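K.L.:
Start counting the sequence shown at 39; every next residue gets the next number (my numbering).
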Amino acid sequence: MLFNNLNASREIPLSWFSETLRRYIPLYAELLFLAACLRLVGLIQPFIIQVVIDRILPFQREASLLVVVIVLAGAGLFQSLFTVTSNVLGMLTANRVTRELGGRIFEHLFKLPLAHFRHWPVGQTMTRVGETDTIRAFIVGTTTGIALDVVFVGIYLVILLTLSSKLTLIVLVSLPLQVLIYLCFGPFLRKRLRAQFDAGAAHQARIVESLSGSVSVKALGAEKVILKRIEATLQRSLEAIRSAQILNISSSELTQTCERVVTIAIIYVGAMQVFAGELTLGQLIAFQLIAEKIAGPVAGFSRLWQDWQNLKVSRQRLGDIVNEPTEPFGKKPSLPHDIEDRLVFENVGFFYGPDAPVLKCFNFTAEPGFCTVIVGPSGVGKSTFGKLACGLETPSGGRILLGGEDIQRYDPESVRSRIVYVPQEPYLFSGTLRDNLLLDRLDASDDELRRALCVAAAADLPEQLSGGFDAQVGERGSALSGGQRQRVAIARAVLQKPSVLILDEPTSALDEGAQRRMVRELMELKGKTTVIIITHRPDVFERADAVFDFAAEGAFHEAG
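1) Could you give the C-beta distance for R456 and L397, rounded to a whole number, given that I count them as a contact under 8 Å?
2) When you compare only the Cα positions, how much space is there between S288 and I197?
3) When you compare each of L426, V569, T165, V160 to Y390 by their alpha carbons, which one comes out closest?
4) How should L44 be labelled, buried or exposed, when 16 other C-beta atoms within 10 angstroms of its C-beta is the threshold for buried?
5) Rounded to a whole number of angstroms, what is the C-alpha to C-alpha distance between K350 and L491?
6) Along the chain, which unbroken stretches of the alpha helix (DSSP H) at least 4 residues long are found entirely within the segment 300-383?
7) Look at the Cβ atom of E443, then the Cβ atom of I359, and state whether they are nearer than 9 Å.
8) Around the Cβ of K331, are there at least 16 other Cβ atoms within 10 angstroms (buried) or fewer (exposed)?
9) Could you tell me the alpha carbon to alpha carbon distance between G320 and I284, rounded to whole angstroms?
10) Quick one: measure Cβ to Cβ for L472 and D508, integer angstroms, because I've assumed they're closer than 8 Å.
11) Just verifying my parser: in three-state terms, what is the DSSP assignment at P415?
12) Fully enclosed by the segment 105-181, which alpha helix (DSSP H) runs are 4 residues long or longer?
13) Residue ranges of each alpha helix (DSSP H) run of no fewer than 4 residues wholly in the segment 465-547, ordered along the chain?
14) Going by beta-carbon coordinates alone, are V602 and A547 separated by less than 9 Å?
15) Quick one: any contact between the segment 114-134 and the segment 205-223, if contact means 3 or more CB pairs under 8 Å?
16) Which partner residues of F97 appear in the DSSP bridge assignment?
17) Pick from A240, G357, I328: whose alpha carbon is nearest that of L147?
18) Leaving out five residues before and five after E68 in sequence, what residues of the same chain have Cβ atoms less than 8 Å from its Cβ?
19) Compute the Euclidean distance between the alpha carbons of A584 and L476, then round it to the nearest angstrom.
20) Would V106 and I94 qualify as a contact pair, given that the criterion is a beta-carbon distance under 9 Å?
21) Hey, A645 and G521: beta-carbon distance below 9 Å or not?
22) Let me check understanding here. Comparing Cα to Cα, which of C399, M310, P433, G424 lies closest to T410?
23) Quick one: residues in its chain with C-beta nearer than 7 Å to the C-beta of A590, no 5 flanking neighbours on either side, listed in chain order?
24) Identify every residue that forms a DSSP beta bridge with A404.
25) Going by DSSP, which residues form a beta bridge with Y459?
26) In whole angstroms, give me the CA-to-CA distance for P536 and A496.
27) Is the Cβ-Cβ distance between T573 and I438 less than 9 Å?
28) Short check: CB of L201 to CB of I328, under 9 Å?
29) How many angstroms separate the CA atom of D587 from the CA atom of L539?
30) Whose CA, out of V511, T271, L503, V493, lies closest to the CA of T470?
31) Mind reading off the beta-carbon distance from T182 to L70? Whole number of angstroms is fine, and I expect it under 8 Å.
32) Which word fits G112, buried or exposed, when buried means at least 16 other C-beta atoms lie within 10 angstroms of its C-beta?
33) Am I right that D602 and P366 are in contact with their C-beta atoms under 8 Å? What's the rounded C-beta distance?
34) Need the endpoints of the alpha helix (DSSP H) that G424 sits in, please.
35) Would you kindly work out how many angstroms separate the C-alpha atoms of V135 and Q242, rounded to a whole number?
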């Protein structure tokens, strides 16, 4: 399955977020109340200044001035209290919402089919996941802010009208001009924001890829080449950012110019009214202070279009993940427990792409309790066989049966608990040796861990590490050798007690002594587990029950 631009253009529906956000409505109502209180308290200052200029200073009323100062100090104290409370409550609420949304995103991400991860680099996937915060901020912050702005712009305009209808007319004429500026810039800004996101995601993917391959980079002496490639993606990202920022700066400067013209007009017309006795000096200053309060909400209205463009880009990018259909976890029954451990491929076909067939009419049978070795040259589909067998990949035709049951009819988690595949490139996670062994068996005892390590020819591994089972293995198991990582991965699979155990090149990183020990232990599993070993060295597994040769069109022959 290919992920094309059609999927990239599908926006994640806002209802996906509302499922989480509706549970936090009471908290957002409290935040809205605190924000309204802050704005109401902010209205005290202009009128206090008007009183001081018109009523106190001309008559030098010191006692009244003291009262005014106390009122201003009290208003400032309440404003600080409301601000701190609002910020703390907003932070805690945002953290809770982000944690829940992030959990849902990653749950969906890990339920996506393997093909998704094959077509999306890690860096680009992480960049898309990061768009969650942008969408949350718009839904919660921008929308609630706009709701308050609508209410208070009305309140501000009513107050301005009571002070001066002529000056209010100047303010009203400027409002549509400011909104028009942002509307004109909006379509161009959206295009540049999309280019900025794509360039940033490509740069992030390049960095992740380069750091992940640091050993190869240093071994080949390719630091300069890789650095040039990183610099190239960084340059493209910076150019895209610059292009978007220039447009942003231009629109903002035009808006601010409009605001400056309005301020000059208010001062001139207002001064003329003061000269004519139609307005007091205190009223003019109060008018200007309240008019400035309108500038913020109006800028918010104007930026709403820009924020909406950002939102659309973020929804499209996050939609690349959330709109992809997941595997049917929890939607199908579990595999029956009493079926045979016989694994059968019936006329199975598989394609990575329309022009890249890997398997065509493929047939295979692994008898229950037997050890079957699969051999063949590179590129014929041996590793793909392992991924198909445990349901990581979906066949384009035919059936894969366990005990006569088509695995596609059953829950993927159930299938993978019965058919365990260990790829030829084992992956360990940051944490301890115990953490890595207990990924799917949290209740396993130390004795069970030692037995699983023994099967993987690594019985003495805990003693070789300074911390035993609690020794840190490093990122991707970097503190262990290649052979140790491989054996830990095999032990982890054995610990799950699968019905079918598929090992892809299990001895490729082992020395001769470790190979012999592992083969001996794996042969002990025969009769209890169906073992399938994919290898280029069938001679190592001479005690296997059968050998399946891909090169000979799937011919079986006796081992030995």
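A virtual CB, placed ideally from N, CA and C, is assigned to each residue, including glycine. These numbers were taken from a predicted model, which means no experiment stands behind them.
P.N.:
According to the structure shown:
1) At roughly 22 Å, the Cβ-Cβ gap does not stay under 8 Å, so R456 and L397 are not in contact.
2) Roughly 32 Å between the two C-alpha positions.
3) With distances taken between CA atoms, Y390 lies nearest to L426 out of L426, V569, T165, V160.
4) Residue placement at L44 is flagged as unreliable, the pLDDT there being 37, under the threshold of 50; the coordinate-derived value follows with that caveat. When all chains shown are included, L44 counts as exposed.
5) Rounded to the nearest angstrom, the two C-alpha atoms are 51 Å apart.
6) Qualifying alpha helix (DSSP H) stretches, in chain order: 319-360.
7) Contact: no.
8) Here K331 is buried, its C-beta having at least 16 other C-beta atoms within 10 Å.
9) When only Cα atoms are considered, G320 and I284 end up about 40 Å apart.
10) Leu is not the amino acid found at residue 472; the sequence shown has Arg there. Right, the Cβ-Cβ distance comes to about 6 Å (below 8 Å), so this counts as a contact.
11) When secondary structure is reduced to three states using DSSP, P415 falls in the coil class, being assigned neither helix nor strand.
12) Fully enclosed alpha helix (DSSP H) runs of 4 or longer: 152-157, 160-167, 169-174.
13) Here the runs fully enclosed are 471-475, 484-493, 499-502, 520-533.
14) Outside the displayed range of the chain (39 to 598) lies residue 602, so it cannot be described from this structure.
15) Touching, no, given that fewer than three Cβ pairs across the two stretches are closer than 8 Å.
16) In the DSSP assignment, F97 is bridged to no other residue.
17) Checking every option, the nearest Cα to that of L147 belongs to G357.
18) Excluding residues up to 5 positions away in sequence, L127 lie with their Cβ nearer than 8 Å to the Cβ of E68 in the same chain.
19) If I take the Cα positions, the gap works out to 32 Å.
20) Less than 9 Å divides the Cβ of V106 from the Cβ of I94.
21) Examination of residue 645 is not possible in this model, given that the chain is present from 39 through 598 alone.
22) The residue from C399, M310, P433, G424 with its alpha-carbon nearest to that of T410 is G424.
23) Once the five neighbours on either side are set aside, A590 has no close Cβ partner at all.
24) In DSSP, A404 forms a bridge with L381.
25) Among the bridge pairs identified by DSSP, Y459 is matched with I540.
26) Taking the straight line from one Cα to the other gives about 19 Å.
27) No, these two residues do not count as a Cβ contact at 9 Å.
28) The Cβ-Cβ distance between L201 and I328 falls below 9 Å.
29) Taking the straight line joining both Cα atoms gives about 19 Å.
30) Nearest C-alpha to T470: V511.
31) That pair is a contact at about 6 Å.
32) Answer is exposed; the Cβ neighbour count stays below 16.
33) This structure gives no information on residue 602, because the portion of the chain shown stretches from 39 to 598.
34) Element bounds for G424: 420-427.
35) In this model, V135 and Q242 are separated by some 26 Å (Cα to Cα).
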